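In the working numbering, the protein residues as written are 69 to 355.
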């Protein structure tokens, strides 16, 4: 998919939050016309400290080609409810996480286009060359990353506009992979939060256990864990080297001791609904 070459009018709602500041920093470097909207006093202070001007939401979105909702998942229902009626026909509403979109929490209109784009973050296998690239573990500053995106339209021109903005807010971007909203929700949270981030937290707990309970010096435990984590990922995901026979036995023991036999159930639709309900506090919303 090619990107749009036209200069766009873009509004960032929640521009003073964590992601709002990140995407705004990149948008500020372009020739696009960008409006920054923020309600919280602390967020307004962060925006003005960068030299950017805060604009009222009603003004910011009135003529916007793309409106970026850089607000927490729990606020997307109310914020989209307030913003969507104000958009011009044909505008693209871009959210940064699929949970609310998949759960049907976003306000809708037939004459606007809904899109969602989530960063992959720089790969653990990314070839880095500068100190800035090494320091950018999150992405959006110096280290290249891919992006997963979904859009609810067959209009190639709208997809090109969305991709233009996506490539800017998450720059530098290698590829934008287009999937369905459901597929994006299956990737985030199921694949990367329910599994990968959970395993990351488990590694940290294991490190603490080795240090605090077993008495291993922290630098030694950290060094062997970080090095072996890279080897484990390289061997498993890239096939760089085979695990030793003894390691395979230890891996089987670990699986038997830690992983439930039915763990793959988390990829079922009903389990996805369950975790999204928890993440978005849907029971509280329904009440």
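Yeah, the Cβ is synthetic: ideal placement off N, Cα and C, and Gly gets one too. No experiment lies behind these values; they were computed from the predicted model shown.
When the Cα atoms are used, residue 327 and residue 321 turn out to be separated by approximately 10 angstroms. Taking 3 residues as the shortest admissible run, the stretch 153-226 contains the following complete beta strand (DSSP E) segments, listed from N- to C-terminal end: 160-163, 181-187 and 213-219. When only Cα atoms are considered, residue 108 and residue 99 end up about 27 angstroms apart. Assigned with DSSP and collapsed to three states, residue 147 falls in helix.
For the pair of segments examined, the stretch 229-242 was found to touch the stretch 148-162: the number of CB pairs separated by less than 8 angstroms reaches three.
Within the same chain, and ignoring the five residues on either side of residue 220 in sequence, the residues whose Cβ sits closer than 8 angstroms to its Cβ are 181, 182, 183 and 249. Around residue 316, the same chain offers no residue with a beta carbon nearer than 7 angstroms, after the five sequence neighbours per side are excluded. Contact between the stretch 252-266 and the stretch 111-128 is absent, with fewer than three C-beta pairs closer than 8 angstroms. The Cβ-Cβ distance between residue 105 and residue 78 does not fall below 7 angstroms.
Taken through DSSP and simplified to helix, strand or coil, residue 104 comes out as strand. Taking a C-beta distance under 7 angstroms as the contact criterion, residue 165 and residue 186 qualify as a contact pair. Look at residue 230 here: in three-state DSSP terms it is helix. For residue 79, the beta-bridge partners assigned by DSSP are 103 and 135. Shown here, residue 296 sits in a helix according to DSSP, grouped into three states. Its Cα nearest to that of residue 195, the residue 213 stands out among 342, 213, 173 and 308.
Under the three-state reduction of DSSP, residue 122 is assigned to strand. Scanning the stretch 263-330 for uninterrupted alpha helix (DSSP H) segments of 4 residues or longer gives 266-280, 286-301 and 313-326, listed from N- to C-terminal end. For residue 243, the uninterrupted beta strand (DSSP E) segment begins and ends at 241-246. For residue 134 and residue 88, the gap between their C-alpha atoms comes out near 14 angstroms.
The residue from 129, 254 and 261 with its alpha-carbon nearest to that of residue 335 is 254.
Judged by DSSP secondary structure, residue 339 falls within the alpha helix (DSSP H) whose first and last residues are 337-348. A check of alpha carbon separations from residue 350 across 281, 168 and 245 identifies 168 as the nearest. By a beta-carbon distance limit of 8 angstroms, residue 129 contacts residue 155. Their separation comes to about 6 angstroms. Taken atom to atom, the span from the alpha-carbon of residue 173 to that of residue 252 is near 16 angstroms. DSSP places residue 116 in the uninterrupted alpha helix (DSSP H) bounded by 109-117. Residue nearest to residue 257 within the set 102, 339 and 118 is 339 (criterion: CA-CA distance).
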